[in-house]
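Novice: Heads up, the sequence shown is in UniProt numbering, so the first residue is 1 and it goes up one at a time.
Glycine is no exception: its CB is placed at the ideal position from the N, C-alpha and C atoms.
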Amino acid sequence: MDPFVQAFFSVDTDGDEMITIRDLEQYVDQNHLEKKMVTRWQSLFDKNNTGRITLPHFCEVLGLKAADVRIRRQEMQSMHLRLRPEFEVIKTTMSMNDQVVLSEEVYRIDLECQGETRNIADCLKRFLDLRYGRMWHVVICKGSTASSFSHVPHTSFFFLYKDNTYLIWQTPE
Numbered sequence: 001m002d003p004f005v006q007a008f009f010s011v012d013t014d015g016d017e018m019i020t021i022r023d024l025e026q027y028v029d030q031n032h033l034e035k036k037m038v039t040r041w042q043s044l045f046d047k048n049n050t051g052r053i054t055l056p057h058f059c060e061v062l063g064l065k066a067a068d069v070r071i072r073r074q075e076m077q078s079m080h081l082r083l084r085p086e087f088e089v090i091k092t093t094m095s096m097n098d099q100v101v102l103s104e105e106v107y108r109i110d111l112e113c114q115g116e117t118r119n120i121a122d123c124l125k126r127f128l129d130l131r132y133g134r135m136w137h138v139v140i141c142k143g144s145t146a147s148s149f150s151h152v153p154h155t156s157f158f159f160l161y162k163d164n165t166y167l168i169w170q171t172p173e
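1. Excluding the 5 residues flanking MET18 on each side, which residues of the same chain have their C-beta closer than 8 Å to its C-beta?
2. Once DSSP output is grouped into helix, strand and coil, what is the label at THR39?
3. Relative to the C-alpha of ASN97, which candidate in ARG108, GLU112, GLU75 has its C-alpha closest?
4. If I measure Cβ to Cβ from ILE21 and keep anything under 6 Å in the same chain, skipping five residues before and after, which residues do I get?
5. Verify whether the separation of the beta carbon atoms of PHE149 and VAL89 is less than 9 Å.
6. Quick check: the Cα distance between GLU105 and PHE9, rounded to an integer number of angstroms?
7. With LEU160 as the anchor, note down where its beta strand (DSSP E) starts and where it stops.
8. Contact check, THR171 vs MET135 under 8 Å by CB: the rounded distance?
9. I'd like to confirm the pairing. Which residues does DSSP put opposite ASN164 in its beta bridges?
10. Let me make sure I understand the geometry here. Which of THR117, LEU160, PHE4 has the alpha-carbon closest to that of VAL69?
11. Would ARG108 be called buried (16 or more neighbouring beta carbons within 10 Å of its own) or exposed?
12. As a quick exercise: from ASN49, TYR132, TYR161, pick the residue whose alpha carbon is nearest that of ILE140.
13. Leaving out the 5 sequence neighbours to the left and right, which residues in its chain are closer than 8 Å to ALA121 when beta-carbon positions are compared?
14. Around the Cβ of LEU24, are there at least 16 other Cβ atoms within 10 angstroms (buried) or fewer (exposed)?
15. Do ASN164 and LYS142 have their CB atoms nearer than 9 Å?
16. Is the closest heavy atom of the ligand SAM to the C-beta of GLY15 under 8 Å?
17. Once the 5 residues before and after THR117 are set aside, which same chain residues still bring their CB inside 6 Å of it?
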């Protein structure tokens, strides 16, 4: 990955595809880099002195396609992501990043709900609807299952966790 792009993503810690000059200053201080980096980036990527550098504008200046850069970032993140060993994937069309986010939420909710599957399903559906938009379906069952359904692309995740089978998918509204 281009060093400029790698630096942008290192500064953009919240992943909102926008960095402020303050974010850049903190990054420079924390990594013991030259203070000139801030002024260089401002002159290159923030000519209107807005105090913000967005990924689309950043890519435009560098002659890159923002969509390609986003895909590359996801690929790089996915290489380092892993599910907890307690989770066994049955089938998924979901990105590794989303699988990790979702499985970590299942782990957290399971502890909070003390394994009560009805509460886990309700909490998980609320989480999914808030984070990814409405119309998520959460089925938690024991034993073997069979299913047939339609779903929004890249939104299904079936896995085993603590003797339960989780079937999770999103349908269009």
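Specialist: From the atom records:
1. Translated into positions along the sequence shown, residue 18 becomes position 18. For MET18, where only same-chain residues beyond five positions count, the Cβ hits under 8 Å are ASP12, ARG52, ILE53, THR54, LEU55.
2. Within the sequence shown, the letter at position 39 stands for residue 39. THR39 falls in the helix class under three-state DSSP.
3. Locating residue 97 in the sequence shown gives position 97, counting from the first residue. Minimum Cα distance to ASN97 is reached at GLU75.
4. Translated into positions along the sequence shown, residue 21 becomes position 21. The answer, listed in chain order, is GLY51.
5. Here residue 149 refers to the residue found at position 149 when the sequence shown is read from its first residue. Here residue 89 refers to the residue found at position 89 when the sequence shown is read from its first residue. Not a contact, by the Cβ cut-off of 9 Å.
6. By one-based count along the sequence shown, residue 105 stands at place 105. By one-based count along the sequence shown, residue 9 stands at place 9. Looking at the backbone, the Cα of GLU105 and that of PHE9 are separated by about 24 Å.
7. Translated into positions along the sequence shown, residue 160 becomes position 160. Taken as a continuous stretch (DSSP letters only), the beta strand (DSSP E) holding LEU160 covers 157-161.
8. On the sequence shown, position 171 is the one that residue 171 refers to. On the sequence shown, position 135 is the one that residue 135 refers to. In this structure THR171 is in contact with MET135, their Cβ atoms being roughly 5 Å apart against a cut-off of 8 Å.
9. Here residue 164 refers to the residue found at position 164 when the sequence shown is read from its first residue. Answer by DSSP bridge pairing, in chain order: TYR161.
10. Numbered from its first residue, the sequence shown carries residue 69 at position 69. The shortest C-alpha separation from VAL69 is found at PHE4.
11. Locating residue 108 in the sequence shown gives position 108, where the first residue counts as 1. Result: exposed.
12. Sequence index remark: in the sequence shown, residue 140 carries index 140 (1-based). Taking only the C-alpha atoms, the option nearest ILE140 is TYR161.
13. To locate residue 121, count along the sequence shown from 1; it is residue 121. Sequence-distant partners of ALA121 (beyond 5 residues in either direction) whose C-beta falls short of 8 Å from its own C-beta, in its chain, are VAL138, VAL139, ILE140.
14. Translated into the one-based positions of the sequence shown, residue 24 becomes position 24. Answer is buried; the Cβ neighbour count reaches 16.
15. Taking the first residue of the sequence shown as 1, we reach residue 164 at position 164. Taking the first residue of the sequence shown as 1, we reach residue 142 at position 142. A contact, by the Cβ cut-off of 9 Å.
16. With respect to the ligand SAM, the structure offers nothing, as it holds no ligand at all.
17. In the sequence shown, the residue the question calls residue 117 occupies position 117. Cβ contact annotation for THR117 (same chain, cutoff 6 Å, sequence separation greater than five): ILE140, in chain order.
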